[in-house]
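Undergrad: Before I ask anything, let me first share the structure, which is written out below as structure tokens.
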């Protein structure tokens, strides 16, 4: 649906009339509704805003002690919203914000002990857009310190546990959001992605996660940033919730792409996909390879063409140099921001996690790639990517070479090794190798601003969800949503529920 017609339908109140909705009566029924069905329940008067949100609060109170998805409950904030009888297409629907995203008057820790007592005094236009939809904010979800790790285990707020197996990671950095959605606390939650941080948690928790194109929104990234890696969106159980939130929040001042509008469902258009299993010298394990092949075969069964390729743009050393350079700049920026906000030299505060501090120092001490050289590398990679997408509509790959690992995997042995006299550079290389290996497939889409999504593909032999990444050229979110709808229908994941859920 075109954006203009989408908002006309919302204003006329006719949008929900066209969507079949289940009658919800019990706590279990309400927990299984997606955002659109929940909004329809409220709009019809079958359930009140307060009843919907009280049920969500009850689920949060029952589940969060086991999962630790939320670090700040905002029930009072939500009740004040309800008292104002909010309007909008998602009026009354429970929602959560990632704890990297500021909400005026609410604590924002950024996963760090540096910000444990920090209360935000402002919020972004993106947050304003979310609030204007009518959603009720019930909490802030857990994130690793500054969102730096692909797992959510901050010292400040404790680890978030995967509802599918409490001993495993729920991914990062939007791990709290994914755990909240997977456990049925809520239907969808705000997330952000600077290198895979929407897609990794979605993959770890058997959910849908779309990273939009750079330029889709107007206020993403930092001021004067050479390349904006991070972009906000959502993690959801259903594809249509993600499509709906994209239509509600896209554009705004500074957006550079034409609007997608609301993608309501699949089309019959046949596409051609490239399939690559390796990222440089990284290759997937048996379970991951099998899952990616299964999704590719399902796409072929739906009439699409899939072609195995042995070389892709992220295989080049150019990309490795580029991302290391961008990471070094981002690490230096983090120190500056932390010191400016807290008034304390971050590295001397004793409040930064060991891994965070050493990781920042590791990158900051590396030779900084000059801006001119970064732009040259970007230009070369852009040319390679544009050439690649002249032959293919989309690009299928693993999300990571292994399923989401046990808690503690990334930092295991680091402090112990240092205490035993292992050289610091060797320790940090160990951390870098684990992180770079796990995240090998995803950052190129951030560096080059391409949209990419993780779709549930199945489970490992030990029962851990495995996601599959599908990417497309800039501005092609509608294509990805189309394919996601088809896969959601062909291999439905919505009925799969983790052991720790409502």
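Residue numbers (this note's numbering): -17 to 484.
Even glycine gets a Cβ: it sits at the ideal position worked out from N, Cα and C.
#1: In chain order, what residues of the same chain lie with their CB nearer than 7 angstroms to the CB of residue 49, ignoring the 5 residues before and after it?
#2: Kindly indicate which residue of 181, 215, 54, 14 has the alpha-carbon position closest to the one of residue 447.
#3: Could you tell me if residue 407 is buried or exposed, where buried requires 16 or more neighbouring beta carbons within 10 angstroms of its beta carbon?
#4: Could you check the C-alpha separation between residue 340 and residue 397 for me, to the nearest Å?
#5: Where does residue 218 fall in DSSP's three states?
#6: Among residues of its own chain, excluding the 5 on either side of residue 69, which ones have a beta-carbon nearer than 7 angstroms to its beta-carbon?
#7: Cα-Cα, which of 108, 34, 288, 393 is closest to residue 64?
#8: Going by C-alpha to C-alpha distance, which of 388, 395, 308 sits closest to residue 355?
#9: DSSP beta-bridge partners for residue 377?
#10: Go ahead and label residue 366 buried or exposed: buried means 16 or more other beta carbons lie within 10 angstroms of its beta carbon, across all protein chains shown.
#11: Beta-carbon separation of residue 456 and residue 430 under 9 angstroms?
#12: Using three-state DSSP, classify residue 151 as helix, strand or coil.
#13: Residue 359 and residue 301 - do their beta-carbons sit closer together than 9 angstroms?
#14: Is residue 5 helix, strand or coil by DSSP?
#15: Measure the alpha-carbon distance for residue 140 versus residue 393 and round it to whole angstroms.
#16: Answer with buried or exposed for residue 466, where buried requires no fewer than 16 other C-beta atoms within 10 angstroms of its C-beta.
#17: Tell me, to the nearest whole angstrom, how far the beta carbon of residue 59 is from that of residue 39; I am working on the premise that it is less than 8 angstroms.
#18: In angstroms, rounded to a whole number, what distance separates the CA positions of residue 96 and residue 324?
#19: How long is the line joining the alpha carbons of residue 312 and residue 425, rounded to whole angstroms?
#20: Starting from the C-beta of residue 231, find all residues in its chain whose C-beta is less than 6 angstroms away, skip the five residues before and the five after it, and write them out in chain order.
#21: My output table needs one value for residue 425: the three-state DSSP class, helix, strand or coil.
#22: Leaving aside the five residues before and after residue 280 along the sequence, list all residues of the same chain whose C-beta is less than 8 angstroms from its C-beta, in chain order.
#23: Is it a yes or a no for the stretch 17 to 30 touching the stretch 83 to 94, going by three-plus beta-carbon pairs under 8 angstroms?
#24: By Cβ distance below 6 angstroms, which residues in the same chain neighbour residue 297 in space, the five residues on each side in sequence not counted?
#25: Whose C-alpha, out of 119, 125, 20, is nearest the C-alpha of residue 53?
#26: Identify every run of the alpha helix (DSSP H) within the stretch 380 to 421, keeping only runs that are complete inside it and at least 4 residues long; order them along the chain.
#27: Decide if residue 326 is buried, meaning its Cβ has at least 16 other Cβ atoms within 10 Å, or exposed.
#28: Indicate whether the contact test is met: 3 or more Cβ pairs, each with one atom in the stretch 435 to 454 and one in the stretch 381 to 388, closer than 8 angstroms.
#29: Rounded to a whole number of angstroms, what is the C-alpha to C-alpha distance between residue 4 and residue 119?
#30: Please return the same chain residues whose Cβ sits closer than 6 angstroms to the Cβ of residue 344, not counting the five positions on each side in sequence.
#31: So which of 13, 174, 427 has the shortest CA-CA distance to residue 92?
#32: For the structure I just gave you, are there three or more beta carbon pairs, one from the stretch 283 to 297 and one from the stretch 241 to 258, closer than 8 angstroms?
#33: Is the Cβ-Cβ distance between residue 21 and residue 75 less than 9 angstroms?
#34: Let me know if residue 135 comes out buried or exposed under the rule of 16 or more other beta-carbons within 10 Å of its beta-carbon.
#35: What would DSSP say about residue 436, mapped onto helix, strand or coil?
#36: How many angstroms separate the CA atom of residue 438 from the CA atom of residue 464?
TA: From the atom records:
#1: Within the chain shown, the letter at position 67 stands for residue 49. Around residue 49: 142, 143, 145, 161, 165, 482.
#2: Numbered from its first residue, the chain shown carries residue 447 at position 465. Minimum Cα distance to residue 447 is reached at 181.
#3: Counting from 1 along the chain shown, the entry for residue 407 is found at position 425. Residue 407 comes out exposed.
#4: To locate residue 340, count along the chain shown from 1; it is residue 358. To locate residue 397, count along the chain shown from 1; it is residue 415. When rounded, the distance between both Cα atoms is 11 angstroms.
#5: The residue given as residue 218 occupies position 236 in the chain shown. Reduced to three states, the DSSP call for residue 218 is strand.
#6: Along the chain shown, one-based indexing puts residue 69 at 87. Correct list, in chain order: 116.
#7: Locating residue 64 in the chain shown gives position 82, where the first residue counts as 1. Measuring from the Cα of residue 64, the nearest candidate turns out to be 34.
#8: Within the chain shown, numbered from 1, the residue matching residue 355 stands at position 373. It is 308 whose Cα lies nearest to the Cα of residue 355.
#9: The residue you call residue 377 lines up with position 395 of the chain shown. BP columns for residue 377 point to 256, 453.
#10: Counting from 1 along the chain shown, the entry for residue 366 is found at position 384. Residue 366 comes out buried.
#11: As a first step, residue 456 must be located in the chain shown, where it is residue number 474. As a first step, residue 430 must be located in the chain shown, where it is residue number 448. Yes. Within cutoff.
#12: Looking up residue 151 in the chain shown gives position 169. Residue state, collapsed to three classes: strand.
#13: Locating residue 301 in the chain shown gives position 319, where the first residue counts as 1. Locating residue 359 in the chain shown gives position 377, where the first residue counts as 1. Result yes, Cβ atoms of residue 301 and residue 359 sit closer than 9 angstroms.
#14: By 1-based counting over the chain shown, the position of residue 5 is 23. Unreliable positioning characterises residue 5 in this predicted model, as indicated by a pLDDT of 48, which lies under 50. A coordinate reading is not provided.
#15: The residue given as residue 140 occupies position 158 in the chain shown. The residue given as residue 393 occupies position 411 in the chain shown. So the alpha carbons of these two residues sit roughly 14 angstroms apart.
#16: Position 484 of the chain shown, counting from 1, holds the residue named residue 466. By the 10 Å Cβ count, residue 466 comes out buried.
#17: Your numbering for residue 59 matches position 77 in the chain shown. Your numbering for residue 39 matches position 57 in the chain shown. Actually they are not in contact, since the Cβ atoms of residue 59 and residue 39 sit about 12 angstroms apart, beyond 8 angstroms.
#18: Sequence index remark: in the chain shown, residue 96 carries index 114 (1-based). Sequence index remark: in the chain shown, residue 324 carries index 342 (1-based). When rounded, the distance between both Cα atoms is 7 angstroms.
#19: Stepping through the chain shown from its first residue, residue 312 is reached at position 330. Stepping through the chain shown from its first residue, residue 425 is reached at position 443. Going from the Cα of residue 312 to the Cα of residue 425 covers about 14 angstroms.
#20: What you label residue 231 is simply residue 249 of the chain shown in a count that begins at 1. So the list reads 111, once near-sequence residues are dropped.
#21: Locating residue 425 in the chain shown gives position 443, where the first residue counts as 1. The answer is helix: DSSP assigns residue 425 an H, G or I state.
#22: Stepping through the chain shown from its first residue, residue 280 is reached at position 298. Closer than 8 angstroms at Cβ, skipping near neighbours: 469, 472, 473.
#23: no
#24: Reading the chain shown from its first residue, position 315 is the one you call residue 297. These residues qualify, in order along the chain: 262.
#25: Walking along the chain shown from the start, residue 53 turns up at place 71. Minimum Cα distance to residue 53 is reached at 125.
#26: 396 to 401, 406 to 420
#27: Numbered from its first residue, the chain shown carries residue 326 at position 344. Residue 326 should be labelled exposed.
#28: yes
#29: The sequence position of residue 4 within the chain shown is 22, counting from 1. The sequence position of residue 119 within the chain shown is 137, counting from 1. Summary for residue 4: the model assigns pLDDT 42, below 50, so the residue's position carries little reliability; its value from the coordinates is reported in the next sentence. The straight-line gap from Cα to Cα measures roughly 24 angstroms.
#30: Numbered from 1 along the chain shown, position 362 holds the residue referred to as residue 344. Same-chain partners within the cutoff: 410.
#31: Position 110 of the chain shown holds residue 92. When each option's Cα is compared against that of residue 92, the closest is 174.
#32: yes
#33: For the purposes of this step, residue 21 is taken as residue 39 along the chain shown, with counting starting at 1. For the purposes of this step, residue 75 is taken as residue 93 along the chain shown, with counting starting at 1. It is a contact, given that the beta carbons lie within the stated cut-off.
#34: What you label residue 135 is simply residue 153 of the chain shown in a count that begins at 1. By the neighbour-count rule (16 or more Cβ atoms within 10 Å), residue 135 is buried.
#35: Reading the chain shown from its first residue, position 454 is the one you call residue 436. It is a strand residue.
#36: In the chain shown, the residue the question calls residue 438 occupies position 456. In the chain shown, the residue the question calls residue 464 occupies position 482. One C-alpha to the other measures close to 15 angstroms.
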